[in-house]
Amino acid sequence: MRAGSGVWQQVWLVAGLRWRLLRNSLRSPRKQLELIGTLLVTGLGGLVALGGALGFAAGSYAAVRRGSPQLLTVLLWAIFLAWQLLPVLIAAFASGTSLRGLLVLPLRFRAFFLLHLAYGIFDPAGIIALVWLGGVLVGVGLAAPQGLAANALLLLGFALCTLLLNRLLYLWLERLLARRRTREALFLIFVLTMFGLQFVGLAAERWGKNLAPLLQQVYDWTQILPPGLVGAVVAGGGSTGAWLGALLGLCGYGVGCGWLLRRRLLAQYRGEDLSETATVHSAQAVEEKAAGKFLWELPGVSQQVAAVFAKEVRYLLRNGFLLLNLFTPLFFLVFLTFALTSKEKPGVLSRGPDVLFPMAVGYAVLVLAPIGYNSFAFDGRGIQFFLIAPIRFRIVLLGKNLLLGMIWVAEFVVIWLWIGWYAGLPRAALTLLTLAAMAFVMLVHFSAGNYMSLTYPQRFDFGKFRQRQSGMTVLVILAVQLVVLGICAPVFFLAFRPQTLWLAGAVFVVLVALSGKLYRWSLEHCSRLAERRREVLTEELCKG
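Right, dumping it as structure tokens:
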């Protein structure tokens, strides 16, 4: 690439380079299957986006026909916030593309700027938001076809403002997250915020009448922001002066966000380095720290398994994101108990702890199960020591699964204690059935997770904001979750009938026995598989 090339020519060359890299990476069958998994997961996301677009089209049509700017403003706020927040939520399942790597190429700054904007458009969150915005345009066009061109121009300006703000917030968030402690603190704030939003519905039911004046004031204050400007003019049928005012307001927001975005990108373009430097330790300090370590001794567990278990515990304590993820089921449990134990809500959910306990454990399983599908994510280059150690690889897998199993059991106990304190203890028979179901699901997930960890390994970095999960791994996780749910749900239906409670217990005993045999077979199979896939493991986990 020549430094003197035109801006659009440079953008086209970079796009061609990315395409060639993708095409060349598909020469291996593993990468081809990974791409298939990614495409299938993307297809599921596309169905969600299209379903949302239909809802936005119907809502915007109703807002324009009724002359309700409040409704259209709410819809635009939903798209506006989704474009800013969805990248954070999708980060756990998508690979983050760092455009800093493009700076090794002789790019002009304008080309670098345009590539950042293009990434914001073709990011999964950007595509979903644009599809939803297209639904709004369709609804507005059907309701008021005579003003379609003018309304389309306003919606285009709204999309550009939202795109510029998205890229600006992303870059500033990247700078704030340059330090590990800052990353973990902000992630904690984000989790607590998402947890607090779960109680909005409960608060509205209890204090809805008192909150109405406050919500009206908030709505009035936000009318000067892009969603309010567009919603008031499009749905309210404003005059030409109002339309020009809204367009000028959008231009002002766009220019402001563009100027701030240019400053941030210019700092990167000139060589700003946000990487963390390694802390220098003296040799004496390292020796003293090493001398303080001891070998963990677990009853009934060999020293080799205990050593792997101790290493996994230290990895867990160093990873603030993963620790917070372990508390997510407990946050959900608090919300679930407040929401479903109300005396005003009759029906099956009013049966109390007998229904609440399996539901809470099931949600914990949904959150915890994916952790075991990339067991070597944090080992990185340390995988080489496992491969050359004079032990069978099943020992390594046992140590890793032992920690995850203890986490599952700890979550089970905490959920049981909380529900027992808040809503009363579930029946002993149902508690044992839930424990058996969890054991069955756990062994199935461990068997599948060990295989996927060796087949599609992906390296993670401690405290990194964007993590990478293989598309095929995500697809397998969804498939296994659906299978175990389809097996356990009918059995629990039998458990809620006294006449068939014994049958549910017998079924779960058989399922646990079969899953135990499957797990033992998978350990032996994965031990041989690790020997055959040495090159793949070292290639994927030692790079970078």
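First residue of the sequence shown: 1297, per the numbering used here; consecutive thereafter. Built from N, CA and C at the ideal position, the CB exists for glycine as well. The model shown is predicted, which means the values in this text are computed figures rather than measured ones.
{"Item": "Test item: CB-CB of residue 1709 and residue 1527 under 9 Å", "Value": "no"}
{"Item": "Straight-line Cα distance separating residue 1698 from residue 1806", "Value": "22 Å"}
{"Item": "Reduced DSSP secondary structure (H/G/I, E/B, other) of residue 1597", "Value": "coil"}
{"Item": "Cβ neighbours of residue 1691 in the same chain (closer than 8 Å, five flanking residues each side left out)", "Value": "1598, 1600, 1601, 1604"}
{"Item": "Run of the alpha helix (DSSP H) containing residue 1670, from where it starts to where it stops", "Value": "Neither: residue 1670 is in no alpha helix (DSSP H) and is coded neither H nor E."}
{"Item": "Residue 1293 versus residue 1376 - alpha carbon distance", "Value": "Summary: the structure shown does not reach residue 1293, with the chain confined to residues 1297 through 1840, and so no result is reported for it."}
{"Item": "C-beta contact flag for residue 1651 and residue 1714 at 9 Å", "Value": "no"}
{"Item": "Contacting residues, own chain, Cβ-Cβ under 7 Å from residue 1406 (five flanking each side not counted)", "Value": "1303"}
{"Item": "Short Cβ contact (9 Å threshold) for residue 1549 with residue 1522", "Value": "yes"}
{"Item": "Nearest-angstrom beta carbon gap, residue 1612 and residue 1618 [assumed within contact, 8 Å]", "Value": "6 Å"}
{"Item": "Three CB pairs or more closer than 8 Å across the region 1330-1341 and the region 1401-1416", "Value": "no"}
{"Item": "Close beta carbons around residue 1364, own chain, < 7 Å, minus the five adjacent residues each side", "Value": "1531"}
{"Item": "Under 9 Å between C-beta atoms of residue 1462 and residue 1422", "Value": "yes"}
{"Item": "Residue 1786 to residue 1777 span [Cα, whole Å]", "Value": "15 Å"}
{"Item": "Three-state class that DSSP yields for residue 1650 in the structure shown", "Value": "helix"}
{"Item": "Sequence-distant residues of its chain with Cβ nearer than 7 Å to residue 1439 (five each side left out)", "Value": "1357, 1360, 1361"}
{"Item": "Where residue 1721 falls: helix, strand or coil (DSSP)", "Value": "coil"}
{"Item": "C-beta atoms of residue 1655 and residue 1704 nearer than 9 Å", "Value": "no"}
{"Item": "Close Cβ partners of residue 1769 (< 6 Å) along its chain, the five nearest in sequence each way excluded", "Value": "1669, 1748, 1752"}
{"Item": "contact_flag[the region 1800-1819, the region 1727-1734] where n(CB pairs < 8 Å) is 3 or more", "Value": "yes"}
{"Item": "Distance between beta carbons of residue 1517 and residue 1529, contact taken as under 8 Å", "Value": "The pair is not a contact, with the Cβ atoms about 18 Å apart (cut-off 8 Å)."}
{"Item": "Residues near residue 1467 by beta carbon distance below 6 Å, same chain, minus five either side", "Value": "1560"}
{"Item": "Secondary structure of residue 1792, DSSP reduced to three states", "Value": "coil"}
{"Item": "Neighbourhood of residue 1378 by C-beta, 6 Å cutoff - its chain only, sequence neighbours within 5 removed", "Value": "1425"}
{"Item": "Same chain, Cβ closer than 7 Å to residue 1628, five either side skipped, listed in chain order", "Value": "1659"}
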